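In the numbering used here, the protein residues as written are 79 to 652.
Cβ atoms here follow ideal geometry from the backbone N, Cα and C, with glycine treated the same way.
Small disclaimer: the values here were computed from a predicted structure and weren't measured.
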């Protein structure tokens, strides 16, 4: 008898195969001490475990580097950097030497501190980076405990069912025959999901009872488009999903042919399609897939999981690499969206708010502490000669904040010119609309900048007063709430009136129905994850905006989600 489970589809496609259960449990660690005379050997044991994990990752990287896209291989680099960073090893060695802890206990304590730091971060994208920390440390703990890696049996196609999976494990399992992935936990922005999406591995997350209800070897179907999981399917289901699988393969082949096509609607409207990235490797992949620029680079990535602030020279190097990788196409660098407690590199005297999302965050922190903000602005301006730079200011909530920020940028520019530094003359400044007050004031804010960008995730959260990470109120987190759509429409109209671009940054546009709705509301600039570029381009090429504009305006007046869904279905058919 078939068993059906439901989760969230995060990487589309259909996969069929036998279940392989992976119980990814952190190694059990017991609090214990060593004798003073054993300290030196214990530190050596800890360092040896790290070196062994580094060696295994490098070997895997070497084995797969010609078979896996470059931007995905960059995840190995990030894990290797973490293992080689003194931020990981030195606190552990200190705990061993000062408290006479065994390596496992010292490492587990340090892991808990790092994870706690990430859990205080409001941005779910950055918060989920804690998974990388846990995955890397789990490998070292297993090495310390003497746990051996299980050998795989042949190259049979299989479906992994697990709590969550490390990015490197996703890559390795895919190479060894994994065709689908079911995770009981994990968000849409986790590194594992991003990799699965890039490798086009059908993936479902949030299928909570899967580990308890599925058994090793069970035949299972994973539908990453709908979030459906079917265990022990009957013949009728197998026929249906195999047909769906074939259609998906044909669709994927077609998408690859769109890379070099101009992003133009059926009624000849030109749409700018950009990419959200967090590394130079992702920027290169976005360029390869036909992105017309970088719509969002989260610069706070440079500040997370380190003991100090990146200096001006380090930032200049990263920004120049990004600008050069896009071959004079626009690159939008968002200034740091951090708050006290989000990074150990921030000044320790800053008081930590009980509600970081409502506290000294983003531009508020930057303006309150110019000693943090100005070095970043100097770095961005000095890198500007390497490409087409756009600077995006996050968490602006009123005109005074914006004017203070732009004054700081202009003053810094003048200081650099007086010091003989070369700076591009065509740098554009924009505001990221994330809070309702900024959306309501967008017609005023746009007079003082070159463009606006909409941060849809935060705009939904602040408009509806919903924590998108709180399962108890997930039912309220609705990007299609009429209040949210009206604010988005208001920002788009402000841009139209001023003759300046409005960009939507976020995966909201990756939903083909919502993408058409946004186009119908007048949006002409979208920025999505590189893995979504070709799918979004396909939607744009098949859309006649003149036929859906009226329906899109009706969406602003929808009073229920059921009515909204009916209207969105009409948009798809139009």
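Kindly confirm or deny that the region 465-481 and the region 497-515 touch, where touching means at least three C-beta pairs closer than 8 Å.
-> yes
Considering residue 246, what are the terminal residues of the alpha helix (DSSP H) in which it resides?
-> 245-254
How many angstroms separate the CA atom of residue 132 from the CA atom of residue 155?
-> 10 Å
Using the Cα positions of residue 136 and residue 123, report the straight-line distance between them to the nearest angstrom.
-> 20 Å
Let me know the beta strand (DSSP E) ranges lying completely inside the region 552-584, each 3 residues or longer, listed in chain order.
-> 580-583
Inspect the beta-carbon positions of residue 529 and residue 498 and report whether they are closer than 8 Å.
-> no
Kindly list the residues whose CB is nearer than 7 Å to the CB of residue 128, restricted to its own chain and excluding five residues on each side of it in sequence; keep chain order.
-> 161, 167, 218
State the Cα-Cα distance for the pair residue 193 and residue 437, rounded to the nearest angstrom.
-> 21 Å
State the Cα-Cα distance for the pair residue 643 and residue 130, rounded to the nearest angstrom.
-> 53 Å
Runs of beta strand (DSSP E) lying entirely within the region 476-513, each at least 3 residues, in chain order = 506-511
Given a threshold of 16 other Cβ atoms within 10 Å of its Cβ, counted over all protein chains shown, does residue 345 qualify as buried or as exposed?
-> exposed
Residue range of the alpha helix (DSSP H) that includes residue 470 = Note, residue 470: premise wrong, no alpha helix (DSSP H); beta strand (DSSP E) at 466-471.
Contact under 8 Å by Cβ, residue 358 with residue 400 | yes
For the alpha helix (DSSP H) holding residue 527, just list the boundary residues, first then last.
-> First-last for residue 527: undefined, no H or E at that position.
Who pairs with residue 375 in a beta bridge, going by DSSP?
-> 355, 411
Alpha-carbon spacing of residue 297 relative to residue 331, whole angstroms | 27 Å
Span of the beta strand (DSSP E) around residue 309 | 306-309
For the beta strand (DSSP E) that residue 606 lies in, which residues bound it at each end?
-> 603-606
By DSSP, does residue 83 sit in helix, in strand, or in coil?
-> strand
Using three-state DSSP, classify residue 50 as helix, strand or coil.
-> With the chain covering 79 to 652 only, the question about residue 50 has no answer from this structure.
Would residue 393 be called buried (16 or more neighbouring beta carbons within 10 Å of its own) or exposed?
-> buried
Residue range of the unbroken beta strand (DSSP E) whose run includes residue 98 | 92-100
Buried or exposed (CB count within 10 angstroms, at least 16 for buried), residue 540 | buried
Straight-line CA distance for residue 311 to residue 95?
-> 11 Å
With DSSP as the reference, label residue 635 as helix, strand or coil.
-> coil
According to DSSP, which residues form a beta bridge with residue 297?
-> 96
Report the rounded CA-to-CA distance for residue 411 versus residue 477, giving the unit in angstroms.
-> 21 Å
Going by CA-CA distance only, name the one from 596, 414, 558 that's closest to residue 637.
-> 558
Residue 615 versus residue 186: straight-line alpha-carbon distance, rounded | 45 Å
Look up residue 259 in the DSSP assignment and say whether it is helix, strand or coil.
-> strand
Assign residue 82 to buried or exposed, taking buried as 16 or more other Cβ atoms, counted over all protein chains shown, within 10 Å of its Cβ.
-> exposed
Considering only residues of the same chain and omitting the five flanking positions on each side of residue 630, which have a CB-CB separation below 6 Å?
-> 595, 598, 599
Where does the unbroken alpha helix (DSSP H) through residue 236 begin, and where does it stop?
-> Here residue 236 belongs to no alpha helix (DSSP H); instead the beta strand (DSSP E) covers 236-240.
Terminal residues of the continuous alpha helix (DSSP H) containing residue 330?
-> 313-334
Note the first and the last residue of the continuous beta strand (DSSP E) segment covering residue 282.
-> 281-283
Out of 85, 176, 619, 440, which has the shortest C-alpha to C-alpha gap to residue 512?
-> 440
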